[in-house]
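Student: Here it is: the structure, laid out below.
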Amino acid sequence: MDILGTRIDLLNLQESMSRIFQALAAGKKLWIVTANPELIYRGAKDKKLQAIISSADLILPDGIGVVWAARLFGAKKAERVTGIDLTLKILEEGQQYGWRIFLLGSKPGIAKKAVCKLSQKYPAIDFAYHHGYFSPEEEAAVLEKIESFAPHILLVGLGAPKQEYWNAAYKGLAPIRIGVGGTIDVLSGEVKRAPQFFRAHNLEWFYRLISQPARIRRQIVLPLYVLQVLKQRYFS
């Protein structure tokens, strides 16, 4: 499905995991973008970014705004597949299969804190990490650290669209590469995920806004996104 020029693959969580298993079994690379309305809107305004996003193997609907648009265009059974939900499912399966998982992103100390917590909960997984605040001069060392660890799955939490540019640039870095936004902050406990009530009523975005007021500047994009989607639906 096309939303503002960006392809969206309407898979649910289990179907997304099946693609990951298939890629690992076949020895193929798989790059997954978790696309929220902000990223889709930015792509519509920046064709270079949109082309990079569209080169991903899977582009999943991360956010109720994407699901709303998909349903508006006729995909009535569209479901959200958020970065955090996909990551939690990966951890669950990784515990069973003994995967190696690398966390890249967040401020110094946050990824380390996340790995300390995750290692206790998922002892069969081999974790490694690096924060996301590295300079261009330090990038080679970060790449070497990832390559020497040889992860099955690389979770890149550099924020959009930086993580998309990163994953596009380093396609051979890991079998499975996923842009996960602020997931590492949540895994570390630094940021609380929305309570179940907000998630069940598709109000996770609202909880993040009231708990992190600095996000208001990012949320301004949402009404612009809605207007562009309505324009595409009814006037294109």
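Taking the working numbering, the leading residue of the sequence shown gets 3, the next gets one more, and so forth.
Where is the CB? At the ideal position from N, CA and C, for every residue including glycine.
1. Find out if the Cβ-Cβ distance for the pair isoleucine 178, alanine 25 is shorter than 8 Å.
2. Name the two residues that bound the continuous beta strand (DSSP E) containing isoleucine 61.
3. Under 8 Å between the Cβ atoms of leucine 32 and arginine 21?
4. Just the C-alpha distance for glutamine 16 and isoleucine 61, rounded to the nearest angstrom, thanks.
5. DSSP state of isoleucine 10, grouped into three classes?
6. Flag this pair as touching only if the region 209 to 218 and the region 100 to 120 have three or more C-beta atom pairs under 8 Å; answer yes or no.
7. Pull up the distance between the alpha-carbon of threonine 8 and that of lysine 50, whole angstroms please.
8. Pull up the DSSP beta-bridge partners for valine 158, would you.
9. Quick check on the DSSP output: the beta strand (DSSP E) that includes tryptophan 33 runs from which residue to which?
10. Excluding five sequence neighbours on each side, which residues of the same chain lie with their C-beta closer than 8 Å to the C-beta of isoleucine 5?
11. For the beta strand (DSSP E) containing tyrosine 131, list its first residue and its last residue.
12. Counting along the chain, where does the alpha helix (DSSP H) carrying tyrosine 167 start and finish?
13. What's the call for glutamate 166, buried or exposed, on a 16-neighbour Cβ count within 10 Å?
14. Would you grab the beta carbon distance between isoleucine 127 and leucine 93 for me? Rounded to a whole angstrom, and I think it's under 8 Å.
15. For serine 137, which option in Glu95, Gly107, Ala152, Ile186 has the closest C-alpha, if you only look at C-alpha atoms?
16. Straight-line CA distance for glycine 100 to proline 225?
17. In angstroms with no decimal places, state the Cα-to-Cα distance between tyrosine 135 and valine 158.
18. If we call anything under 8 Å between Cβ atoms a contact, is valine 182 one with proline 39?
19. May I ask which residues mark the beginning and end of the alpha helix (DSSP H) holding glutamine 24?
20. So which of Lys194, His203, Phe199, Val228 has the shortest CA-CA distance to glutamine 214?
21. Closer than 6 Å by C-beta to isoleucine 180: which residues in its own chain qualify, once you throw out the five before and the five after it? Chain order, please.
Tutor: In terms of the structure at hand:
1. Yes, the Cβ-Cβ distance between isoleucine 178 and alanine 25 is below 8 Å.
2. Where isoleucine 61 is concerned, the enclosing beta strand (DSSP E) stretches over 60 to 63.
3. yes
4. 15 Å
5. coil
6. no
7. 12 Å
8. According to DSSP, valine 158 bridges with Leu106, Gly181.
9. 32 to 37
10. Ile42, Val68, Ala71, Ala72, Phe75, Val231, Gln234
11. Here the beta strand (DSSP E) through tyrosine 131 covers 128 to 132.
12. Following the DSSP letters along the chain, one finds tyrosine 167 inside the alpha helix (DSSP H) bounded by residues 164 to 171.
13. A residue is called buried when at least 16 other Cβ atoms come within 10 angstroms of its Cβ; glutamate 166 meets this threshold and is buried.
14. Correct: roughly 7 Å between the Cβ atoms.
15. Gly107
16. 43 Å
17. 12 Å
18. no
19. 15 to 28
20. Lys194
21. Ile34, Leu157
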